[in-house]
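Just so we're aligned, residue 1 is where the sequence shown starts under full-length UniProt numbering, counting upward by one.
Please read the structure below before turning to the comments.
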Amino acid sequence: MAADEVEVQDNEMPDWSAYRGVLIVVEQREGEAKKVSWQLLGEGKKLAAKLEVPLLALVMGDKVEHLAQEAIYYGADKVYLCESPVLKDYRTRPFSRVCLQLIDKVKPEIVLFGATGTGRDLAGAIATHLPTGLTADTTELDCEPHPSRLLLASRPAFSEKMMATILCKQYRPQMATARAGVFQAQSRDTSLQAEIIRIENPMKEEEIAARVLDFIRETGSINLEEADIIVAGGRGLGGPEAFAMLKDLADALGGIVGASRAAVDAGWIKHEHQVGQTGCTVRPKLYFAIGISGAVQHTVGMTGSDIIIAINRDEKAPIFQFAHYGMVGDLFKIVPQITAEVRKK
Ligand code: FAD
C-alpha cells in the first residue's frame with residue numbers, strides 16, 4: 001500500500017489507542033533462532049522507545065522455552081511463548097493462527113517479521129486475515145512519535161534506484177518484513193529480566209492437512225546471512241576458477257564464499273553468493289573482500305561486518321576506506337599464503 005494511495009487528512013485519522021506495543025515474531029528452526037529475529041529486536045527496541053511502548057516478542061515451536069529467555073537477553077520487555085508438538089516444524093496455518101490470536105488479544109501497533117522464506121510466508125498469510133497492509137522486504141524502519149505513531153517502512157524500489165517509504169495510515173497493526181543483516185542486534189545481556197507469558201496453541205494436529213515429512217537442503221545451497229565468516233571475491237579474480245582458491249580459504253576458516261555482483265553477472269558464481277544492494281546484507285564476524293573495488297552497492301551489504309579485511313592491488317581502491325585491515329598486492333599470491341597459514345593452526 002503506497003502512501004499516496006491512502007492519503008487521509010489528520011482529522012480523519014481513526015482512533016487506534018487500543019493498539020500499543022511493537023511485536024517481533026521470532027523465527028526458529030529446530031530450536032535455533034534465526035539471527036534476523038535478534039536484529040529485529042534491536043531495531044524494535046528503538047521504535048518502542050520512540051513510541052513509549054513495550055517491546056514484545058512471540059516465540060512459537062516445540063520445546064523452545066530457551067528462545068523465550070534469549071529474546072529477553074536481546075531486549076524484549078515481554079515474551080509470549082506458544083509451545084506445542086503441533087508447532088515443531090513450520091507450517092503456515094498453525095503458526096499464522098497463533099499470531100492472529102495474539103494480535104487480536106494484545107493489539108500491537110507494529111508487527112515485524114524477518115524477510116526470510118518463512119517470515120514472508122507467515123506475514124503474508126496473516127495479512128490476508130487482517131484488514132491491514134504488509135510492507136515486504138524493508139531495509140529501514142523508523143516511526144513518527146505520538147500522535148500519528150506511523151511506522152515508516154522503507155525499501156528499495158524501481159530496480160533499487162530509489163528508496164520508497166511506505167505508510168499504513170488507515171489500519172492497525174502496521175506490519176512489515178525486514179531483510180536479514182540490515183539491522184543490528186543489541187548485545188546479549190543475561191542480566192535482563194522480563195515476563196514470559198505462555199499462550200495456548202489454538203490448532204489440533206487433526207485440523208491441519210499439511211504434514212512436514214522432511215527438510216531437504218538443496219546441495220551446495222548457502223546461507224550468507226547466518227554466516228560468521230565470509231570470503232568474498234570480485235571481478236579481480238578474473239574468472240570462475242579462482243573461486244576455488246577462495247573456497248579453500250573459506251573452508252580453512254569454517255566460512256562460506258561470497259561475491260560481488262560483477263562476479264555474479266559474469267557467471268562465475270551463483271547469485272545466492274552475491275552481497276550488496278541486490279544481493280544479501282550480511283553481518284559476519286569476519287569478511288574478506290578480495291579483488292572487490294568497494295562500490296557503494298557492494299559495501300551497503302557488508303559494512304555491518306565486525307572485521308573487514310580487504311585484498312586489492314590498487315591502494316586507492318575505495319574498499320580500503322571500509323576495511324579494518326588492508327593488504328595491497330596480488331590476490332593470487334596473498335590468498336594461498338593466508339590459507340596455508342590458517343591450515344597450520
Ligand atoms: P570492480 O569494480 O571491477 O573491482 C575489481 C577490483 O579488483 C579492482 O579494485 C581491482 O583493483 C582489483 N583487482 C584486480 N585484479 C586484482 C589482483 N590480481 N589482485 C588484487 N586485486 C585485484 N554490486 C555488488 O557487489 N552487489 C550488489 O548487490 C550490487 N547491486 C547493484 C545494484 C544496482 C542498481 C547497480 C547499478 C549496481 C549494483 N552493483 C552491485 C554493481 C556495483 O556498482 C559494482 O559494479 C560492483 O560491485 C563491482 O564489482 P567488483 O568490485 O567485483 O568489480
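We put the CB at the ideal spot given by N, CA and C, even for glycine.
Predicted, not measured: the structure shown is a model, and the values here were computed from it.
Range of the contiguous alpha helix (DSSP H) that encloses residue i
i, result
"A115", "Per DSSP, A115 belongs to no alpha helix (DSSP H) and is neither H nor E."
"I103", "T92 to V106"
"G42", "K35 to L51"
"R261", "R261 to D265"
"A244", "A242 to L253"
"F288", "Unbroken run through F288 is the beta strand (DSSP E), L286 to I290; no alpha helix (DSSP H)."
"L331", "L331 to K344"
"E109", "First-last for E109: undefined, no H or E at that position."
"V296", "V296 to T299"
"A68", "E65 to Y73"
N-terminal and C-terminal residue of the beta strand (DSSP E) that residue i is part of
i, result
"T315", "This sequence places Glu at residue 315; Thr is not what is there. Neither: E315 is in no beta strand (DSSP E) and is coded neither H nor E."
"A153", "L151 to A157"
"T138", "L134 to T138"
"V231", "I229 to G233"
"Q174", "Q174 to A178"
"Y80", "K78 to E83"
"I196", "E195 to R198"
"I24", "V22 to V26"
"T165", "M162 to I166"
Residue i and residue j closer than 9 Å at C-beta
i, j, result
"I24", "A76", "yes"
"G304", "V335", "no"
"I308", "A323", "yes"
"K45", "L58", "no"
"A176", "I110", "yes"
"I338", "N312", "no"
"V257", "A266", "no"
"I197", "K88", "no"
"I216", "H273", "no"
"I292", "G234", "yes"
"A123", "L134", "yes"
"D104", "S84", "no"
"A194", "I72", "yes"
Residue i classed as buried or exposed, judged by whether at least 16 other C-beta atoms fall within 10 angstroms
i, result
"V27", "Note that residue 27 is Glu in the sequence shown here, rather than Val. Buried is the call here."
"residue 425", "This structure cannot settle anything about residue 425, because the visible part of the chain is limited to 1 through 345."
"L213", "exposed"
"V8", "Unreliable positioning characterises V8 in this predicted model, as indicated by a pLDDT of 45, which lies under 50. The coordinate reading is nonetheless provided below. V8 is exposed by the Cβ-count criterion."
"F158", "exposed"
"E160", "exposed"
"G329", "exposed"
"G239", "exposed"
"P145", "exposed"
"P131", "exposed"
"T128", "exposed"
"M162", "exposed"
"Q184", "exposed"
"Q39", "buried"
"H66", "exposed"
"Q174", "buried"
"S17", "exposed"
"G209", "This sequence places Ala at residue 209; Gly is not what is there. Answer is exposed; the Cβ neighbour count stays below 16."
Candidates the options, of which the one nearest residue i by Cα
i, options, result
"R20", "R91, V296, H129 and L51", "L51"
"L192", "A317, Y74 and A49", "Y74"
"M302", "S293, R149, C280 and D314", "C280"
"R188", "E195, S37, Y80 and L151", "S37"
"I225", "L253, W268, M203 and A178", "Just to set this straight, residue 225 is Glu in the shown sequence, not Ile. Selected option, being the one with the closest Cα: A178."
"D15", "R235, D228 and K169", "K169"
"M203", "R97, L47 and Y325", "R97"
"K285", "D248, I230, D314 and K63", "I230"
"E205", "R93, A48, R149 and I269", "R93"
"K200", "L81, K35 and V64", "Lys is not the amino acid found at residue 200; the sequence shown has Glu there. When only C-alpha atoms are compared, the closest one is L81."
"L246", "L331, K270, C143 and Q186", "L331"
Around the ligand FAD, Cβ to any heavy atom closer than 5 Å, ordered along the chain: E160, G234, R235, G236, S260, R261, A262, G276, Q277, T278, G279, G291, I292, S293, A295, Q297, H298, N312, R313, D314, A317, D330 and L331
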